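So for the sequence shown, UniProt numbering puts the first residue at 1; every next one is plus one.
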Amino acid sequence: MPAPLLSREAVVDRLLGAFRRYGYDAASLGQLSDATGLGRSSLYHYFPGGKEGMARAVLDRVDEWAREAILAPALASGTPERRLSQVIAALDSYYGGGAEACLLGNLVVGDARALFQDRLIASLRTLIECLARLAREKGVSEREAQQRAEDAVVRIQGALIVARGLADPAPFRRVLKRLPQDLLG
């Protein structure tokens, strides 16, 4: 019996999981096929650009999520504290409470870095700017807000690595819990 047809969005979501798990360089077409439940020819039907096209579609999906879950709440009305709590909740959910790897972190190593460098820079800068904006609105100076936002992203990314390495989400949860004080003062 043939496999049921998947929407392109469903295929991209499954590829996101695979690239999170294996990274770009280590993800074989066999693993991507297994993750999606599609044969290699079906994957090429969805993504004529091959593995690079798949990764670009995944990055588009992550950008879409970030616009909805990070950027929109950060730019909405309300107190910086309330908006930051929405951003934190979105990050916590997206990273499975510290159990899920960061796609961006997996794409900044190996050949993927050169292929996707502009996208990675844009994604990180967007997150940093969202956090810095919240800090500025709380009265933190421009320079200090930028530094706090960069430090926050460093701590979040580092906590994800440590949480996954220890198989314990506590470091990630601790960083998110401290984020309001660290960022907004």
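Each residue gets a CB set at the ideal place from its N, CA and C atoms; glycine is no exception.
The structure displayed is predicted, hence computed values, not measured ones.
Report buried or exposed for ALA57, applying the criterion of at least 16 other Cβ atoms within 10 angstroms of its Cβ. buried
Exposed or buried, what is LYS51 when buried is set at 16 or more other beta-carbons lying within 10 Å of its beta-carbon? buried
Under the assumption that TYR22 contacts GLN31 (Cβ atoms under 8 angstroms), give the Cβ distance between them as a whole number of angstroms. At roughly 6 angstroms, the Cβ-Cβ gap stays under 8 angstroms, so TYR22 and GLN31 are in contact.
Simplified DSSP assignment, three categories, for VAL175: helix
By DSSP, does THR79 sit in helix, in strand, or in coil? Correct three-state label for THR79: coil.
For GLY139, would you say it is in contact with chain C, using Cβ-to-Cβ distances shorter than 9 angstroms as the test? Any reference to chain C falls outside this structure, which holds one protein chain only.
Cut-off 6 angstroms between Cβ atoms - residues of its own chain near MET54, not counting five sequence neighbours on either side: LEU15 and PHE47
With burial defined as no fewer than 16 other Cβ atoms inside 10 Å of the residue's Cβ, what is the status of GLY98: buried or exposed? buried
The ligand FAD heavy atom lying under 8 angstroms from the CB of PHE47: No copy of the ligand FAD occurs in the structure displayed, which carries no ligand at all.
With H, G and I counted as helix, E and B as strand and the rest as coil, what does DSSP make of LYS51? helix
Where does MET1 fall in DSSP's three states? Residue confidence is low: MET1 scores 34 on pLDDT, short of 50, so the model does not pin down where it sits. No coordinate-derived value is stated.
For LEU103, three-class secondary structure by DSSP: helix
Beta carbon of LEU176, beta carbon of ILE156: below 9 angstroms? yes
Is it true that the CB of LEU59 sits closer than 9 angstroms to the CB of SER7? no
Best match in ALA26, ALA27 and THR36 for proximity to ASP13 [C-alpha to C-alpha]: THR36
When the Cα atoms are used, what is the spatial distance from THR79 to SER28? 45 angstroms
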